[in-house]
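S.K.: Order-wise, the sequence lines are chains A and B. So the first sequence is residues 1 to 200, counted in my numbering. So the second sequence is residues 201 to 400, counted in my numbering. Each residue gets a CB set at the ideal place from its N, CA and C atoms; glycine is no exception. Since the model is a prediction, treat every value here as computed from it, not as a measurement. Below is the structure I would like to discuss, written out as structure tokens.
Protein chains: 2
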Amino acid sequence: MSTAHSLATEELGSTAQRERRKRILDATIDLASQGGFDAVQMRAVADQAEVALGTLYRYFPSKIHLLVSALGREFEKTETALRERQLTGQTPAERVIEVLKLTSRGLQGDPHLTEALTRAFMFADSSVQTEINQVGMFMTSMVTRAMHPGRTEFDDQDVAIARVIGDVWLSALMGWVTGRSTAAETGQQIEVAVRLLLRD
Amino acid sequence: MSTAHSLATEELGSTAQRERRKRILDATIDLASQGGFDAVQMRAVADQAEVALGTLYRYFPSKIHLLVSALGREFEKTETALRERQLTGQTPAERVIEVLKLTSRGLQGDPHLTEALTRAFMFADSSVQTEINQVGMFMTSMVTRAMHPGRTEFDDQDVAIARVIGDVWLSALMGWVTGRSTAAETGQQIEVAVRLLLRD
DNA sequence: TCCATAATAGGAACACGTTTCACTTCTTCG
DNA sequence: CGAAGAAGTGAAACGTGTTCCTATTATGGA
Numbered sequence: 001m002s003t004a005h006s007l008a009t010e011e012l013g014s015t016a017q018r019e020r021r022k023r024i025l026d027a028t029i030d031l032a033s034q035g036g037f038d039a040v041q042m043r044a045v046a047d048q049a050e051v052a053l054g055t056l057y058r059y060f061p062s063k064i065h066l067l068v069s070a071l072g073r074e075f076e077k078t079e080t081a082l083r084e085r086q087l088t089g090q091t092p093a094e095r096v097i098e099v100l101k102l103t104s105r106g107l108q109g110d111p112h113l114t115e116a117l118t119r120a121f122m123f124a125d126s127s128v129q130t131e132i133n134q135v136g137m138f139m140t141s142m143v144t145r146a147m148h149p150g151r152t153e154f155d156d157q158d159v160a161i162a163r164v165i166g167d168v169w170l171s172a173l174m175g176w177v178t179g180r181s182t183a184a185e186t187g188q189q190i191e192v193a194v195r196l197l198l199r200d
Numbered sequence: 201m202s203t204a205h206s207l208a209t210e211e212l213g214s215t216a217q218r219e220r221r222k223r224i225l226d227a228t229i230d231l232a233s234q235g236g237f238d239a240v241q242m243r244a245v246a247d248q249a250e251v252a253l254g255t256l257y258r259y260f261p262s263k264i265h266l267l268v269s270a271l272g273r274e275f276e277k278t279e280t281a282l283r284e285r286q287l288t289g290q291t292p293a294e295r296v297i298e299v300l301k302l303t304s305r306g307l308q309g310d311p312h313l314t315e316a317l318t319r320a321f322m323f324a325d326s327s328v329q330t331e332i333n334q335v336g337m338f339m340t341s342m343v344t345r346a347m348h349p350g351r352t353e354f355d356d357q358d359v360a361i362a363r364v365i366g367d368v369w370l371s372a373l374m375g376w377v378t379g380r381s382t383a384a385e386t387g388q389q390i391e392v393a394v395r396l397l398l399r400d
């Protein structure tokens, strides 16, 4: 239970274990990408990753843990990619919107995957706290760094704003994955919130 | 499928049907209140409401529909109660915070119920759109009326702000029901967002 | 190298949401 | 009233997440 479920930290364990873990997460992403949350069936993941069902459960104690861990891995990739990108917006608001649009576009480019990962995130309880916090920190970090490029320390107000933006982002994403709003509406919703929050 | 799942509107149907519907929702609230989302088992609801499982599914096509409908009924009660209450806050921000605190306190007084209803809300897809929209409208209405007591028409900016507040509220509530944050943190989070959004 | 231990495979079994179906009871309307 | 159709009953059955168990295989230290 201890190390196997942590997220972005370096894993302990043998090479074989790291490879199994990777195969499992790859299979998860693949299935999610094809058919969303419902298509990520534990038996199917185990088959595709070529591990036994029991082994899958040893690595990830539930479907939710599995999906949130996969989400963490994807988010980490996104954040790394963003780090290398030069933002063009002239104001904090514009840069934040830029980052969120880039991220959203990435997600909306793979609706099934996004649906699966978001659903898992929303359903996760406190037993998934570690993984959830990782994702939350990626989010906050992305937003604050867009607000003040180059800076590495941020005051409470900035972090508070970033959190609120994260909340709106999650709610909007939820509306989108559940089919209650379109991609355009989602973008609009986030943009409105950011402009309200960063209107100095 | 047509009328049986609508929410706050007056129901068609015979007296017997209205009573069955009420018994079902009562049983749902009761079970949710005792043991949360997991305790609302369709067989248990059917038993306690004294209807057959098939009948339950005739009235509510899924557990999610059932719970979101129950949420709607509870929300309607809350909104009615709030209408009669005189708000004491001197500014829009203070009144909105007052309303949200009252509402949250009501919810947090029954954690299991809140967990069940929030989970259902977050998991609902577009087939539950009608019920979801009802709840969203109650929320927006409560916030805008707290911003401008007495007024009945609200401009786009106000509605946009109310929506953002609703998003934050939902995210914060999600954090709370999933055990990721405490009641105090949840209140804090909402208060920060409201002050940021209504700081004129 | 060999043994103790941990990890994995393979698969049965269970829980609960959901579907289905044959039968019975109620409602409505001519 | 009496028949046709709608609504309800009761129970079986299915799908998928989760648990459990035994036999087999890999690993790491003496």
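With three or more C-beta pairs closer than 8 Å as the rule, is the stretch 79-95 of chain A touching the stretch 114-124 of chain A?
M.R.: no
S.K.: Taking C-beta to C-beta, are A:A193 and A:V168 nearer than 8 Å?
M.R.: The residue given as residue 193 of chain A occupies position 193 in the first sequence. The residue given as residue 168 of chain A occupies position 168 in the first sequence. Pairing A:A193 with A:V168 gives a Cβ-Cβ distance under 8 Å.
S.K.: Quick check: is the beta carbon of B:V335 nearer than 8 Å to any beta carbon in chain A?
M.R.: Taking the first residue of the second sequence as 1, we reach residue 335 of chain B at position 135. False, the Cβ-Cβ gap to chain A never drops below 8 Å.
S.K.: How big is the Cα-Cα spacing for A:T182 and B:P261?
M.R.: Taking the first sequence and counting its residues from 1, one reaches residue 182 of chain A at position 182. Taking the second sequence and counting its residues from 1, one reaches residue 261 of chain B at position 61. Distance between the alpha carbons of A:T182 and B:P261 is about 25 Å.
S.K.: On the three-pair Cβ rule with 8 Å, is the stretch 53-67 of chain A touching the stretch 22-36 of chain A?
M.R.: yes
S.K.: Go ahead and label B:P349 buried or exposed: buried means 16 or more other beta carbons lie within 10 angstroms of its beta carbon, across all protein chains shown.
M.R.: Walking along the second sequence from the start, residue 349 of chain B turns up at place 149. Burial call: exposed.
S.K.: Please report the distance separating the alpha-carbon of B:A316 from that of B:V251.
M.R.: Taking the second sequence and counting its residues from 1, one reaches residue 316 of chain B at position 116. Taking the second sequence and counting its residues from 1, one reaches residue 251 of chain B at position 51. If you take the alpha carbons of B:A316 and B:V251, they lie about 22 Å apart.
S.K.: Please classify A:R85: is it buried, with 16 or more other beta-carbons within 10 angstroms of its beta-carbon, or exposed?
M.R.: The residue given as residue 85 of chain A occupies position 85 in the first sequence. When all chains shown are included, A:R85 counts as exposed.
S.K.: Can you pull the chain A neighbours of B:R380, defined as C-beta to C-beta under 7 Å?
M.R.: Here the question's residue 380 of chain B lines up with position 180 in the second sequence. In chain order: S126, Q129 and I132.
S.K.: Mind listing which residues of the stretch 182-199 of chain A have their C-beta closer than 9 Å to chain B's C-betas, in chain order?
M.R.: Q189, V192, A193, L196 and L197
S.K.: Quick check on B:S202: buried or exposed, where buried means 16 or more other Cβ atoms within 10 Å of its Cβ?
M.R.: As a first step, residue 202 of chain B is located in the second sequence; it is residue number 2 there, counting from the start. With a pLDDT of only 35 at B:S202, under the threshold of 50, the placement of this residue in the model should not be trusted; the figure read from the coordinates follows. Counting Cβ neighbours within 10 Å, B:S202 comes out exposed, since fewer than 16 surround it.
S.K.: In chain order, what residues of the same chain have a beta carbon less than 8 Å from the beta carbon of A:L53, not counting five sequence neighbours either side?
M.R.: Residue mapping note: residue 53 of chain A aligns to position 53 of the first sequence, counting from 1. Same-chain partners within the cutoff: M42, R43 and A46.
S.K.: Here's the rule I'm using: 16 or more other beta-carbon atoms within 10 Å means buried, otherwise exposed. How should B:T386 be labelled?
M.R.: The residue labelled residue 386 of chain B in the question sits at position 186 within the second sequence. When all chains shown are included, B:T386 counts as buried.
S.K.: Ordered along the chain, which non-local residues of its own chain (more than five positions away) have a Cβ less than 8 Å from that of B:G235?
M.R.: Mapped onto the second sequence, residue 235 of chain B falls at position 35. Cβ neighbours of B:G235 beyond the five flanking positions: H312.
S.K.: If we define contact as Cβ-Cβ less than 8 Å, is B:V268 a contact residue for chain A?
M.R.: Residue 268 of chain B sits at position 68 when you count from the first residue of the second sequence. Among the residues facing chain A, B:V268 is not included, as its CB has no counterpart in that chain under 8 Å away.
S.K.: Could you have a look at A:R119 and say whether DSSP puts it in helix, strand or coil?
M.R.: As a position in the first sequence, residue 119 of chain A is number 119, starting the count at 1. A:R119 falls in the helix class under three-state DSSP.
S.K.: Show which residues of chain A have a CB atom less than 8 Å away from the CB atom of B:A372.
M.R.: In the second sequence, the residue the question calls residue 372 of chain B occupies position 172. Those are D167, listed as they occur along chain A.
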